[in-house]
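Notes follow once the structure below has been shown.
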Amino acid sequence: MSDTSRGPALLARNISNMIRAPRALRAVDARFGPGVVNRKALRRLAFYPGLNLAFNRVKKNANSALVLLLHEMQTGQVGQSDSAKDATPNFFDLPSSEIERLADYAVFVTIRNPYSRVLSAFLDKFRFDAYRKKHGAFDLTPDGFDAFLRWLDAGGLPRDAHWAPQVNLLALPLDRYDAVLRFESLRDDALGFLAARGLTVPEGALQGESRGDRGKETGADRHLAQFYTPARADRVARLFAQDFDALGYAPAFPQAQEPR
Numbered sequence: 001m002s003d004t005s006r007g008p009a010l011l012a013r014n015i016s017n018m019i020r021a022p023r024a025l026r027a028v029d030a031r032f033g034p035g036v037v038n039r040k041a042l043r044r045l046a047f048y049p050g051l052n053l054a055f056n057r058v059k060k061n062a063n064s065a066l067v068l069l070l071h072e073m074q075t076g077q078v079g080q081s082d083s084a085k086d087a088t089p090n091f092f093d094l095p096s097s098e099i100e101r102l103a104d105y106a107v108f109v110t111i112r113n114p115y116s117r118v119l120s121a122f123l124d125k126f127r128f129d130a131y132r133k134k135h136g137a138f139d140l141t142p143d144g145f146d147a148f149l150r151w152l153d154a155g156g157l158p159r160d161a162h163w164a165p166q167v168n169l170l171a172l173p174l175d176r177y178d179a180v181l182r183f184e185s186l187r188d189d190a191l192g193f194l195a196a197r198g199l200t201v202p203e204g205a206l207q208g209e210s211r212g213d214r215g216k217e218t219g220a221d222r223h224l225a226q227f228y229t230p231a232r233a234d235r236v237a238r239l240f241a242q243d244f245d246a247l248g249y250a251p252a253f254p255q256a257q258e259p260r
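Residues 1 to 260, numbered by the numbering used here, are exactly what the sequence shown covers, in order.
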């Protein structure tokens, strides 16, 4: 879609979403109970009607890889990350017929250790001039990571969903999802979940970098010891205390990757 046509199309989509919103919110309350959902995160639910799946997208948690996989499973087409995301309806895009069968959808999410996730966001996003101009020209070095963490502590934490706390991006309490996949065991968790739903997964799914989505992997897990010091680990443990508590990750720095 061209830039000139994107604006009117987005406006029309937003108007339609507003019209559907009251019915959609009633359906959510009927399934999960009043006041259970995080309404600010409902747009992060991506729906796949042909699969009866709803995926709570959380950036830096294999979001692009899973969107591409689900898009391929539903359409039979291998797409690029952006086009696959654009083609996927969010909760408020659903027609009335799909909203009425919300109970048929299995809702799932992927979570990730905050130590790894925030480093991955740093190594990925601050390669790009747009991020460096908007948020700060942090060097992609351990010292640059330290400056980035200090910036988060000074107010930058909620400014971008790639590093914002995961709890803010979850549409549901963790125990209300039909499945919670862990980034650290993503392939086994995802294939097991999809197989249990009777779904056929393309051969080679989630092995290495995702087809059509090259270049986003940062190898953050391999660089933890290089980029973290005890002081940096303490800062991340404090900044993301809610994530560690709600998602079941130990706030102690991983023993296999002791900081310098």
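Where a beta carbon is used, it is the ideal one built from N, C-alpha and C, also for glycine.
Residue i: which of the options sits nearest, CA to CA?
| i | options | result |
| --- | --- | --- |
| Glu-203 | Leu-224, Gly-76, Ala-87 | Gly-76 |
| Gln-255 | Gly-219, Lys-133, Tyr-115 | Tyr-115 |
| Leu-45 | Pro-8, Lys-59, Phe-126 | Lys-59 |
| Ala-237 | Pro-95, Asn-113, Ala-195 | Asn-113 |
| Leu-199 | Leu-42, Pro-49, Arg-23, Leu-123 | Pro-49 |
| Asn-90 | Ala-21, Gly-7, Asp-124 | Ala-21 |
| Met-18 | Ala-87, Thr-88, Leu-94 | Leu-94 |
| Pro-173 | Ile-99, Met-73, Asp-245, Ile-15 | Asp-245 |
| Asp-160 | Met-73, Phe-126, Gly-144, Gln-207 | Phe-126 |
| Thr-88 | Arg-43, Tyr-131, Ala-130, Arg-132 | Arg-43 |
| Arg-222 | Glu-184, Phe-193, Asp-86, Gly-155 | Glu-184 |
Compute the distance between the beta-carbons of residue i and residue j, then report whether it is under 8 Å.
| i | j | result |
| --- | --- | --- |
| Asn-38 | Ala-171 | yes |
| Ala-225 | Arg-260 | yes |
| Phe-92 | Leu-70 | no |
| Asp-153 | Arg-235 | yes |
| Ala-220 | Leu-119 | yes |
| Leu-157 | Leu-239 | yes |
| Ala-233 | Phe-253 | yes |
| Ser-23 | Ser-96 | It is Arg, not Ser, that sits at residue 23 in the sequence shown. Result yes, Cβ atoms of Arg-23 and Ser-96 sit closer than 8 Å. |
| Ala-195 | Trp-163 | no |
| Leu-191 | Val-201 | yes |
| Arg-182 | Asp-189 | yes |
| Pro-142 | Phe-47 | no |
Does residue i pass the burial test, meaning 16 or more other C-beta atoms within 10 Å, or should it be called exposed?
| i | result |
| --- | --- |
| Leu-247 | buried |
| Thr-110 | buried |
| Asp-243 | buried |
| Ala-250 | exposed |
| Phe-128 | exposed |
| Asp-124 | buried |
| Asp-213 | Low confidence applies here, because Asp-213 scores a pLDDT of 46, under 50, leaving its location unreliable; read the following figure in that light. With 16 or more other Cβ atoms within 10 Å, it is buried. |
| Arg-117 | buried |
| Arg-57 | buried |
Tell me, which residues are paired with residue i by DSSP?
| i | result |
| --- | --- |
| Ala-106 | Leu-53 |
| Phe-92 | None; Phe-92 has no bridge partner. |
| Phe-128 | For Phe-128, which the question treats as bridged, DSSP gives no partner whatsoever. |
| Phe-47 | Ala-54 |
| Val-180 | Val-109 |
Item to check | At least three beta-carbon pairs within less than 8 Å, the segment 165-183 to the segment 98-113 | outcome: With the cut-off at 8 Å, the segment 165-183 and the segment 98-113 touch.
Checklist entry - Is the segment 74-90 touching the segment 139-157 in the sense that three or more CB pairs, one from each, lie closer than 8 Å? => result Per the Cβ contact rule, the segment 139-157 is not in contact with the segment 74-90 (fewer than 3 Cβ pairs under 8 Å).
Checklist entry - Below 8 Å, can you find three or more Cβ-Cβ pairs linking the segment 60-73 to the segment 82-90? => result Result yes; three or more Cβ-Cβ pairs closer than 8 Å.
Next on the checklist: Taking 8 Å as the cut-off, does the segment 25-38 touch the segment 156-172 (at least 3 CB pairs, one atom from each stretch)?
Outcome noted: With a cut-off of 8 Å, the segment 25-38 and the segment 156-172 count as touching, because enough Cβ pairs lie within range.
Item to check | Given 8 Å, three or more beta-carbon pairs between the segment 95-104 and the segment 25-35 | outcome: Touching, yes.
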